[in-house]
Structure formats: structure tokens, C-alpha cells
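**Q**
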Amino acid sequence: MNLEAALGQALPNLTVSASPVDRIAYARDLWPRHHLAVSDGRIAEHRPGVVVWPNTTEDVASVVRFCAKEGIPLVPFGAGSGVCGGVLPDERTVVLDLKRLDRVRRLDAEAGVLDVEAGALGIRLEEDLNAAGHTLGHFPSSILCSTVGGWVAARSAGQCSGLYGKIEDMVASLECVVGEGEIVRFDRRLHGPDATPLIIGSEGVLGVVTSARLRLHAAPAARAFGAFSFPTVEAGWEAMRQMFQSGIRPAVARLYDVFDSFIARLGSVRRGKHAGPKKTLEERGEGAGFGAAVLRRILRRPGVLNRIVDAAPSDWLGGATLILVFEGQAAQSEADFARAKQIALASGARDLGEGPARHWLSHRYSVSYRQSPVFMAGAFSDTMEVAAPWSRLGELYRAVREALGKNVFVMAHLSHAYPDGCSIYFTFAGSAPTPAAMESIYDWTWRTALDAAIGAGGTLSHHHGVGRSKAPRLGAELGRGIDVVHALRHVLDPRGIMNPGNLLPRDPPERRPVPPPPQSLTLDRASLLVHASGEATLADVETFLARSGLTLGLGKGAPDLAATTVDAWLSRGAPGAPDPWLDPADHLVAGFTARLRSGVEFEVRPSPRRAVGPDLFALFFGMNGRAGVIRSAHLRAHSRDPLTRPHPLDARLERNPPLGEVEAAWIDRMAEAASRVD
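If you're matching positions, the sequence shown starts at 1 in full-length UniProt numbering and goes up one per residue.
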């Protein structure tokens with residue numbers, strides 16, 4: 001019996017298709033490497049056996065049970081807008097399209113939460129919420145073609161993350177189908193235990209997310225806009241750092257490097273003051289003829305163009321452009337913008353007025369439609385988003401740009417800034433005489449750029465996830481942490497059917513030495529991070545920070561500082577630490593080293609945010625040592641000046657929901673499996 005007939009017989013109430021059209025449509029996501037194959041006539045080489053459309057969570061559980069029993073691979077599918085190769089099925093694979101699970105189960109305006117199913121399309125959900133006076137505050141560029149489940153799976157970031165945080169900061173609860181068809185709900189807790197960070201970013205390899213409880217905000221009453229030109233991109237990001245460390249939280253803060261800013265201004269001059277977004281040669285209507293030939297010729301010698309741009313004085317090209325958008329209550333937005341403007345001007349910026357920021361907002365999703373013409377012209381393009389603490393940002397920018405620039409033309413902008421660091425979003429394009437040569441250049445470019453990011457102390461992904469494109473280098477970033485993810489998978493997916501081949505590298509992780517805990521406390525002043533041994537007391541940390549006018553910012557509920565070590569404090573869920581629901585752009589721990597109960601140690605290096613699989617810190621935070629101990633931690637330090645405290649967001653949702661027996665049992669199983677990694 002073939003797969004379609006077997007599924008139809010086992011689950012007669014579900015829609016199942018093995019038609020050639022559906023198998024092609026669900027054969028891949030939007031990984032640009034797929035486009036190279038398509039441009040060469042190799043359409044959908046990796047087609048699934050069947051596509052299934054469940055209507056309820058119980059339907060999903062039935063499909064998972066069937067696939068687990070038969071040993072059939074299963075790939076959850078949202079809207080297919082991922083760009084990292086997270087979807088690559090074969091003829092034995094069942095693709096589970098979740099878009100019929102698109103219902104809003106509950107909207108509790110009083111508590112400020114929304115229960116919505118995983119298949120809900122982003123733009124429709126946000127428009128419906130706006131009509132009722134609410135917003136999620138989550139605006140990824142793919143919002144027109146991405147779903148709630150996809151956001152959770154890839155640890156997505158939206159354009160307003162400076163105020164509202166990333167998707168992991170918005171999740172209050174997740175409903176998942178795991179194991180062999182079990183349905184379980186994991187709740188976020190202020191002081192733990194909290195398994196939601198292990199599911200968020202797991203890209204379908206630990207189960208299927210079927211619904212999420214997300215935090216709601218009131219729709220903004222007003223916005224304030226501004227734009228500034230800086231003499232260099234470094235001066236621009238220094239101003240951004242000062243803004244976020246001063247407690248200012250622009251919803252949008254995007255800094256375009258000198259050449260990216262130059263191209264945008266050039267396009268605006270040619271098309272008039274109120275011109276639309278910048279366009280490629282192909283989008284201007286020159287088709288596959290002269291324009292395509294010029295584009296290919298330019299991109300086949302990218303090193304020359306990159307050297308010209310690097311050599312040109314910054315003021316010749318007009319400097320780097322910072323776009324700022326504040327939102328909320330009118331008085332607060334205007335006051336915060338006035339403070340930001342003061343910082344920008346003191347950093348040598350020139351005021352560009354509101355126009356560029358308003359223009360950006362009106363075209364905020366246009367980037368999603370700019371890639372196809374490049375491939376049609378016989379070239380390729382892609383994007384790469386990495387992140388690092390402020391102290392490592394310059395090295396990261398230069399190292400990745402140099403690695404990319406050897407074979408492709410490269411531009412960059414900085415977005416998704418936080419008090420301790422920032423993301424850099426590189427855009428690059430190249431060409432070669434044949435599709436095979438382009439694939440070779442594309443693969444080599446990614447390998448060298450990812451190695452450069454790791455070497456510079458950055459994280460491989462800030463919000464696009466890992467998929468198959470970055471998986472080969474994930475072991476270099478997480479080391480033995482990869483073994484921990486495998487252990488979690490053995491618990492949540494014992495049959496190994498969940499999206500096999502995605503996220504996790506095929507090769508064993510690099511067994512790099514884990515640095516020992518610091519003998520004394522150290523401070524990264526630029527990033528406001530203090531590196532402390534797990535055995536240091538909180539009193540030690542506070543005394544050390546006080547010399548620099550800093551503090552951990554502990555408040556009500558804090559333990560006896562002299563009697564509590566950093567490890568003990570974190571294992572209890574950091575009582576007294578700042579409430580993350582009030583300032584989602586901030587976080588408590590940027591990186592750590594840990595020792596599992598088995599004796600295995602691993603390191604997660606400091607980064608403002610990362611999207612490289614499950615957040616393994618959840619195995620230690622509020623877990624009372626069940627998986628192991630924290631050997632050292634990079635903790636966020638705060639200024640003692642009350643004027644640097646951001647305006648708290650309204651947050652009425654429950655902070656520490658009760659832990660039920662089913663959820664507790666799953667958390668215990670995950671902690672136990674992780675603790676035994678050897």
C-alpha cells in the first residue's frame with residue numbers, strides 16, 4: 001500500500017494529497033540555494049510523499065502517532081518562507097501543513113494575552129488585532145507570508161524588537177505535540193522551571209507547535225520619527241549603544257552602512273523626493289537583456305567593487321543612515337525621541353528629519369520581493385544575520401564583511417539592538433558563468449563567512465534560524481551543547497521522525513576546550529556584562545560592580561547576597577532580578593558555561609540574542625540543579641542612575657503559573673536526559 005492510501009485508510013477524516021502539484025509546492029522553503037537549482041531547471045528535486053492538512057491539534061496528534069508507529073519522517077510546514085533550508089523532504093516524508101489551524105482560541109484583553117493556533121498568518125492576525133485596538137508588536141519582514149508556528153520554530157525577530165523583544169519574549173505558553181503523539185502544554189515562568197525556550201527555535205525537530213499564548217499590547221496611540229546621518233557606521237552604532245544603555249527603547253532602530261545608505265539616496269534622487277524603495281536593475285524593467293548583462297558583469301568581479309567602496313571616504317558617499325521610530329503614548333514617544341536625538345547629534349550626526357523614517361515604515365515589507373529578479377538575471381543574492389556584544393561588534397562587522405567580500409558584493413545594516421549588543425544583517429550578491437559555479441561560490445561564501453562570525457565572537461544566527469544552511473557550523477558554536485540537543489530529541493522524538501536532517505549537524509560536535517570559570521570578576525563595560533564564576537556570591541558581584549557605578553538591579557525577593565552564589569541564584573530562578581516582561585529588549589544572562597551531572601561541560605558564548613536551536617540555559621534556570629550547575633555566567637549589569645531605567649511596558653499576565661503533573665513529568669525527563677550526556 002502506498003503512503004497516500006495508508007494515511008487515508010488510517011486517518012479517513014483528514015485531507016491528504018500526493019498530487020504532483022502539491023508535492024512540488026511543498027518540496028522546499030525559500031532557501032536561496034534552492035533558487036539556484038530552479039534557475040537551472042532542476043525543479044523540486046526533493047518532493048514529499050504526501051501532504052496532510054490537519055484541522056485540530058488532535059488531528060496533528062493522530063498524524064504524529066501514525067508516523068511514529070510506521071517510522072515515517074514528518075515535517076511541519078507553516079507558510080514556507082524560511083530561508084535556511086528547514087524544509088527538504090524526500091518521497092517517504094509526510095509534510096504537515098498547519099495553515100488550517102489558524103483560529104484565535106481566546107483573546108483576554110484584561111490579562112493581555114492571546115491564544116492563537118500555529119497556522120495563523122501573521123499579517124491577517126495583526127490586522128485583526130489592530131482593528132480591536134491591540135498589537136503583538138511582532139513585525140518580521142516576512143509577515144505577509146509567515147505563521148505564528150514558523151515564528152516560534154525559527155526564534156523570529158520582528159522589526160520592532162527594540163521595544164517589544166523577539167518572539168521568545170512574547171511567548172507565555174506553548175501547546176505542542178511531542179513524542180509519539182502526546183499533547184503537552186509548556187508554560188513560561190518568571191522563576192522557572194520553564195521549557196518554552198527549549199521548544200522555541202527547535203525548528204520542528206523536537207515536536208510540532210500547535211498553538212501559542214502570546215503577550216498582547218495596546219495598539220500605539222502615537223509614533224515619533226527621526227533619521228540621522230553619521231560620518232561612519234561605527235559612529236552610528238556607538239550612538240545606538242548609548243541609546244539602549246540609557247534606557248531608551250525605540251521600536252525601530254536600523255543603521256544602514258555607508259554604501260547601503262548611498263544606494264538608497266541615489267535611488268531617491270533619481271525618482272524624486274517621495275520615491276519608493278530602491279530597485280534593482282531588473283525591477284526597473286530592463287528585463288533579461290541589457291540590464292541583466294550589466295548586473296552579471298558587475299557581480300562577477302565583486303572584489304573590485306568592494307575595494308572601491310572601502311577606499312572611498314565616508315563623506316563622499318554621504319555617511320551611514322540611522323532610522324528611528326518610537327511608538328506608544330504621544331508624550332512618552334516624543335520625550336524618548338528627544339533624548340535619542342540629543343545622543344545622535346552629540347555623536348556627530350546630521351539631522352535628516354522625519355522623511356526617511358516615515359518612508360521606511362510605508363515600505364517596511366518590500367524587501368521580501370527583491371530577490372527573484374536577481375536570480376532571473378543569472379545571479380544570486382542572500383542575507384546573513386549575525387550578532388555579538390557591543391564590544392565585539394566592530395570585529396564581527398569587519399571579519400564577516402571581509403570574508404563575504406572575496407566572492408560577492410556586500411552591504412550591511414544593523415538592526416535589533418539591545419543594551420548588551422546588536423545584530424548585523426548582511427546582504428550579498430554574486431554571479432558566475434554557470435549554475436554549478438554559482439553553487440560553488442555560494443557554498444564557499446557561506447562557509448567562510450560563518451567561520452569568520454565564530455572567529456569574531458559572534459553567533460551564527462540572530463533570527464532566521466539554522467536549517468541546513470548553517471547546521472554544519474553549529475557544532476563550532478555550541479560544542480558539546482549539540483549533544484545536549486540530541487539528548488532532548490531522544491526524549492521528545494524517540495522515533496527520530498521529526499524533520500530529520502534539519503538543524504542538527506551530521507558530524508560530531510567539536511570538542512573544543514571549555515574555558516574555566518574566571519578567577520576574578522571581569523567587566524565588559526561597552527556591553528554592560530559582568531563575567532562571574534558560578535561560585536562567586538552575589539555580594540561579590542555587587543561590590544565589584546559598585547566600583548563602576550553599576551549593579552545587578554536586584555529588587556524585591558532577592559536572597560541574602562552574601563550567602564548566595566551565582567549558580568544557586570540562577571538555579572532558583574534568579575529571585576529579585578528585573579522582570580523581563582517589563583523590558584523585553586533586555587535579558588539576564590548573555591552567555592554561560594555549564595557542567596552537567598555527568599561531568600560534561602559546554603559553553604554558550606555571550607551574545608545579545610541567538611537563534612541557533614533550543615536555548616539550553618533553560619535546563620539550569622529555576623531547575624534546582626537537576627541537569628547540572630552553572631560554572632560561569634555573563635550577567636547583565638545596570639547603571640545605578642535611575643534615569644537610565646526604561647519605561648516599563650504594561651504586563652498583567654500571570655508570572656508563575658502552577659506546574660501541572662504532565663508538564664512536570666516532561667521537564668523532569670528532559671533534565672534527566674541532558675544530565676546524562678557523556
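Glycine is no exception: its CB is placed at the ideal position from the N, C-alpha and C atoms.
Counting along the chain, where does the beta strand (DSSP E) carrying P76 start and finish?
**A** The residue given as residue 76 occupies position 76 in the sequence shown. Taken as a continuous stretch (DSSP letters only), the beta strand (DSSP E) holding P76 covers 74–77.
**Q** Please classify W31: does DSSP put it in a helix, a strand, or coil?
**A** Indexing the sequence shown from 1 puts residue 31 at position 31. Coil, per DSSP.
**Q** Can you give me the start and stop residues for the alpha helix (DSSP H) that G405 sits inside?
**A** Translated into the one-based positions of the sequence shown, residue 405 becomes position 405. Note, G405: alpha helix (DSSP H), 390–405.
**Q** In terms of alpha-carbon separation, which member of A651, R572, L619, V514 lies closest to V171?
**A** On the sequence shown, residue 171 is found 171 positions in, with the first residue counted as 1. The shortest Cα separation from V171 among A651, R572, L619, V514 belongs to A651.
**Q** Rounded to a whole number of angstroms, what is the C-alpha to C-alpha distance between V177 and W53?
**A** Your numbering for residue 177 matches position 177 in the sequence shown. Your numbering for residue 53 matches position 53 in the sequence shown. Cα-Cα distance, rounded: 15 Å.
**Q** Over what stretch of residues does the alpha helix (DSSP H) that includes F66 continue unbroken?
**A** The residue you call residue 66 lines up with position 66 of the sequence shown. That run of the alpha helix (DSSP H) goes 57–70.
**Q** For a minimum of 4 consecutive residues, which ranges assigned as the alpha helix (DSSP H) are wholly contained in the segment 159–183?
**A** 161–164
**Q** DSSP three-state label for G319, please.
**A** Mapped onto the sequence shown, residue 319 falls at position 319. Under the three-state reduction of DSSP, G319 is assigned to coil, being neither helix nor strand.
**Q** Secondary structure at G80, three-state DSSP: helix, strand or coil?
**A** The residue labelled residue 80 in the question sits at position 80 within the sequence shown. Correct three-state label for G80: coil.
**Q** DSSP three-state call for M240: helix, strand or coil?
**A** Position 240 of the sequence shown, counted from the start, is the residue given in the question as residue 240. Three-state result, M240: helix.
**Q** Would you list the residues sitting across from Y256 in a DSSP beta bridge?
**A** Position 256 of the sequence shown, counting from 1, holds the residue named residue 256. Answer is T321, H413.
**Q** Looking at the structure shown, is G287 part of a helix, part of a strand, or coil, going by DSSP?
**A** Taking the sequence shown and counting its residues from 1, one reaches residue 287 at position 287. Unreliable positioning characterises G287 in this predicted model, as indicated by a pLDDT of 40, which lies under 50. The coordinate reading is nonetheless provided below. Note: G287 maps to coil in three-state DSSP.
**Q** Suppose the cutoff is 6 Å on Cβ atoms and the five residues either side in sequence are ignored; what does the same chain contact list for H274 look like?
**A** Mapped onto the sequence shown, residue 274 falls at position 274. Caution is warranted here: a pLDDT of 37 is assigned to H274, below 50, making its placement in the model unreliable, and no coordinate value can be reported.
**Q** Quick test of the definition: if touching needs 3 or more C-beta pairs under 8 Å, does the segment 138–155 touch the segment 194–207?
**A** yes
**Q** How big is the Cα-Cα spacing for L345 and F259?
**A** Here the question's residue 345 lines up with position 345 in the sequence shown. Here the question's residue 259 lines up with position 259 in the sequence shown. So the two alpha carbons sit approximately 21 Å from each other.
**Q** Could you give the uninterrupted runs of the alpha helix (DSSP H) lying entirely in the segment 329–395, keeping only those of 4 residues or more?
**A** Fully enclosed alpha helix (DSSP H) runs of no fewer than 4 residues occupy 330–346, 355–362, 372–376 of the segment 329–395, in order along the chain.
**Q** Taking the Cβ atom as the reference point for each residue, do L174 and V209 lie within a distance shorter than 8 Å?
**A** Here residue 174 is taken as the residue at index 174 of the sequence shown, counted from 1. Here residue 209 is taken as the residue at index 209 of the sequence shown, counted from 1. In contact: L174 and V209 (Cβ atoms closer than 8 Å).
**Q** Is the segment 554–567 touching the segment 112–126, taking contact as three or more C-beta pairs under 8 Å?
**A** no
**Q** Can you round the beta-carbon distance between D615 and P76 to whole angstroms, since I take them to be within the 8 Å contact cut?
**A** Your numbering for residue 615 matches position 615 in the sequence shown. Your numbering for residue 76 matches position 76 in the sequence shown. That pair is no contact at about 19 Å.
**Q** In terms of residues, what are the limits of the beta strand (DSSP E) holding A590?
**A** Sequence index remark: in the sequence shown, residue 590 carries index 590 (1-based). 589–596 is the extent of the beta strand (DSSP E) around A590.
**Q** Helix, strand or coil for residue 685, going by three-state DSSP, please let me know.
**A** Residue 685 is absent from the structure shown; the chain starts at 1 and stops at 678.
**Q** What's the call for V21, buried or exposed, on a 16-neighbour Cβ count within 10 Å?
**A** The sequence position of residue 21 within the sequence shown is 21, counting from 1. Looking at its Cβ environment, which holds fewer than 16 other Cβ atoms inside 10 Å, V21 is exposed.
**Q** Using only the alpha-carbon positions, how far apart do H531 and H217 sit?
**A** To locate residue 531, count along the sequence shown from 1; it is residue 531. To locate residue 217, count along the sequence shown from 1; it is residue 217. Each residue's Cα considered, the two are about 34 Å apart.
**Q** Taking A546 as the reference, which of L521, G534, V600, A558 has the closest Cα?
**A** Counting from 1 along the sequence shown, the entry for residue 546 is found at position 546. Comparing Cα positions, the closest option is L521.
**Q** Measure the Cβ-Cβ separation of residue 715 and P48 and say whether it is below 8 Å.
**A** Past the edges of the chain, shown from 1 to 678, lies residue 715, and the structure says nothing about it.
**Q** Note down, in chain order, each residue of its chain lying with its Cβ closer than 6 Å to the Cβ of V64, except the 5 sequence neighbours on either side.
**A** Translated into the one-based positions of the sequence shown, residue 64 becomes position 64. The beta carbon of V64 is closer than 6 Å to those of V177, G181 in its chain, skipping five residues each way along the sequence.
**Q** Cβ atoms of G465 and G86: under 8 Å apart, would you say?
**A** Within the sequence shown, numbered from 1, the residue matching residue 86 stands at position 86. Within the sequence shown, numbered from 1, the residue matching residue 465 stands at position 465. Yes. Within cutoff.
**Q** For residue 692, does the three-state DSSP call read helix, strand or coil?
**A** In the structure as shown, the chain starts at 1 and stops at 678, and residue 692 therefore has no counterpart that could be examined.
**Q** Three-state secondary structure (DSSP) at F617?
**A** For the purposes of this step, residue 617 is identified with residue 617 of the sequence shown, where counting begins at 1. The answer is helix: DSSP assigns F617 an H, G or I state.
**Q** Considering only the alpha carbon of each residue, which of F244, A253, L214 lies closest to G226?
**A** Position 226 of the sequence shown holds residue 226. Closest by alpha carbon: A253.
**Q** Let me make sure I understand the geometry here. Which of H134, A251, L88 has the alpha-carbon closest to that of E110?
**A** Here residue 110 is taken as the residue at index 110 of the sequence shown, counted from 1. For E110, the nearest C-alpha among the options comes from H134.
**Q** Run the CB neighbour count on E91, radius 10 Å, all protein chains shown included, and call it buried at 16 or more, exposed below.
**A** Here residue 91 is taken as the residue at index 91 of the sequence shown, counted from 1. By the neighbour-count rule (16 or more Cβ atoms within 10 Å), E91 is not buried but exposed.
**Q** Alpha carbon to alpha carbon, how far is S39 from R640? Give it in angstroms, no decimals.
**A** Taking the sequence shown and counting its residues from 1, one reaches residue 640 at position 640. Taking the sequence shown and counting its residues from 1, one reaches residue 39 at position 39. The alpha-carbon atoms of R640 and S39 are separated by roughly 57 Å.
**Q** Secondary structure at A149, three-state DSSP: helix, strand or coil?
**A** Locating residue 149 in the sequence shown gives position 149, where the first residue counts as 1. Looking at the sequence shown, residue 149 is not Ala but Gly. If DSSP states are grouped into helix, strand and coil, G149 belongs with the helices.
**Q** Would you call L529 buried or exposed, if buried means 16 or more other Cβ atoms sit within 10 Å of its Cβ?
**A** Residue mapping note: residue 529 aligns to position 529 of the sequence shown, counting from 1. Result: buried.
**Q** Do V50 and L7 have their C-beta atoms closer together than 8 Å?
**A** Position 50 of the sequence shown, counted from the first residue, corresponds to residue 50. Position 7 of the sequence shown, counted from the first residue, corresponds to residue 7. Yes, the pair counts as a contact, with Cβ atoms nearer than the cut-off.
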